[in-house]
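Structure first, then comments.
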Ligand code: IMP
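In this note's numbering, the protein residues as written are 463 to 645.
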C-alpha cells in the first residue's frame, strides 16, 4: 500500500481532474461580491456561512463585498463518510445572531439534492428576517431533488463528486486550492 497522502495523490498523481482552477474561483467570487455589494447597498446584512464546507468560499466572498456586514456560522451534519446524501439534515451548531428583521444572506459551498438549503430556509424563515437569500459556489444542476431558487450561483456543475476549496471527502482534501472531480 502506498504511504502517499490523499493530498499528494490528488495534486501530483493526476488521479483527479481539475474542474475549477483557483483563478476561475477567484474571478467568479469577485463578480458575486460585486453583485451582492450592489444588491445590498444601504443595508447591513448578516452573512451566515454553512460549516464546514462553506468556510473558504465565505472568507473569500466577504472580502469582495464592499459594504458593512456582520457574519455568523451554522454547522450542519455532513454526509459523514458517504458520497451520497443521507437525506437528513441535522444542525450541529446554531447561529448566535438575532436575525428577525435583518437581511440574511446564507453562504453554501455546494447545492446537491437541495435538502440543506431547503431546511435552512424553513429554519431561518421562522425568525422572520427582513430578507433571506442564498449564495452557493457550486450547484449540481441535474441533481436537485427539491426545487429551490438559489439567488447567487458561482458555477453550475455536472453531477460528480467534487473535492477541494472547502469540500471534503471523508473530512480531508478541504485544503486543496482548486475544485477537483473525484472519479
Ligand atoms: P444537499 O443537502 O444534498 O444539497 O447537500 C449539501 C451538502 O452536501 C453540501 O453543503 C456539502 O457539504 C455536501 N456535498 C454535496 N455534494 C458534495 C460533493 O460533491 N463533494 C463534497 N461535499 C458535497
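Ideal Cβ positions, reconstructed from N, Cα and C, are used throughout, including at glycine. All figures in this text were calculated on a predicted structure; none of them were measured in a lab.
Assign residue 504 to buried or exposed, taking buried as 16 or more other Cβ atoms, counted over all protein chains shown, within 10 Å of its Cβ. Here residue 504 corresponds to residue number 42 of the chain shown, with the count starting at 1. Its Cβ having fewer than 16 others within 10 Å, residue 504 is exposed.
Between residue 601 and residue 618, which are expected to be in contact by the criterion C-beta below 8 angstroms, what is the C-beta distance as a whole number of angstroms? As a first step, residue 601 must be located in the chain shown, where it is residue number 139. As a first step, residue 618 must be located in the chain shown, where it is residue number 156. Between residue 618 and residue 601 the Cβ distance is about 5 angstroms, and since that is below 8 angstroms, they are a contact.
Would you give the residue range spanned by the beta strand (DSSP E) that residue 489 belongs to? Numbered from its first residue, the chain shown carries residue 489 at position 27. From DSSP, residue 489 is part of no beta strand (DSSP E) but of the alpha helix (DSSP H) over 484-501.
Whole runs of the beta strand (DSSP E) within the segment 498-529, excluding any shorter than 3 residues: 508-513
Spatial neighbours of residue 589 in its chain, beta-carbon cut-off 6 angstroms, leaving aside the 5 residues before and after: Translated into the one-based positions of the chain shown, residue 589 becomes position 127. Closer than 6 angstroms at the Cβ level, and outside the excluded window around residue 589, lie 561 and 562.
Span separating the alpha-carbon of residue 488 from that of residue 465: Taking the first residue of the chain shown as 1, we reach residue 488 at position 26. Taking the first residue of the chain shown as 1, we reach residue 465 at position 3. For residue 488 and residue 465, the distance between alpha carbons rounds to 33 angstroms.
Close-in-space but distant-in-sequence residues of the same chain around residue 490 (CB under 7 angstroms, 5 per side omitted): Locating residue 490 in the chain shown gives position 28, counting from the first residue. Same-chain partners within the cutoff: 616 and 617.
The ligand IMP heavy atom lying under 7 angstroms from the CB of residue 515: Your numbering for residue 515 matches position 53 in the chain shown. Yes, the beta carbon of residue 515 sits closer than 7 angstroms to at least one heavy atom of the ligand IMP.
Between residue 638 and the rest of its own chain, which residues show a CB-CB distance below 8 angstroms, the 5 nearest in sequence each way excluded? Walking along the chain shown from the start, residue 638 turns up at place 176. Only 469, 472, 473, 625, 626 and 627 meet the Cβ criterion.
Limits of the unbroken alpha helix (DSSP H) element including residue 578: Working through the chain shown from its first residue, we reach residue 578 at position 116. 577-587 is the span of the alpha helix (DSSP H), which, as asked, contains residue 578.
Distance between beta carbons of residue 557 and residue 510, contact taken as under 8 angstroms: On the chain shown, position 48 is the one that residue 510 refers to. On the chain shown, position 95 is the one that residue 557 refers to. Sure, about 6 angstroms apart at Cβ, within 8 angstroms.
In chain order, what residues of the same chain have a beta carbon less than 6 angstroms from the beta carbon of residue 552, not counting five sequence neighbours either side? Here residue 552 is taken as the residue at index 90 of the chain shown, counted from 1. So the list reads 539, once near-sequence residues are dropped.
Less than 8 angstroms between C-beta atoms, sequence neighbours within five positions excluded: which residues of the same chain meet that for residue 578? For the purposes of this step, residue 578 is taken as the residue at position 116 of the chain shown. These residues qualify, in order along the chain: 512, 538, 551 and 570.
Report the three-state DSSP secondary structure of residue 469 (helix, strand or coil). For the purposes of this step, residue 469 is taken as the residue at position 7 of the chain shown. Helix at residue 469.
Contact check, residue 536 vs residue 555, beta carbons under 8 angstroms: Here residue 536 is taken as the residue at index 74 of the chain shown, counted from 1. Here residue 555 is taken as the residue at index 93 of the chain shown, counted from 1. Their beta carbons are under 8 angstroms apart, which means residue 536 touches residue 555 by this criterion.
If we call anything under 8 angstroms between Cβ atoms a contact, is residue 643 one with residue 479? Mapped onto the chain shown, residue 643 falls at position 181. Mapped onto the chain shown, residue 479 falls at position 17. Closer than 8 angstroms, so yes.
Closer than 7 angstroms: residue 573 CB and nearest the ligand IMP heavy atom: On the chain shown, residue 573 is found 111 positions in, with the first residue counted as 1. Yes, the ligand IMP has a heavy atom inside 7 angstroms of this Cβ.
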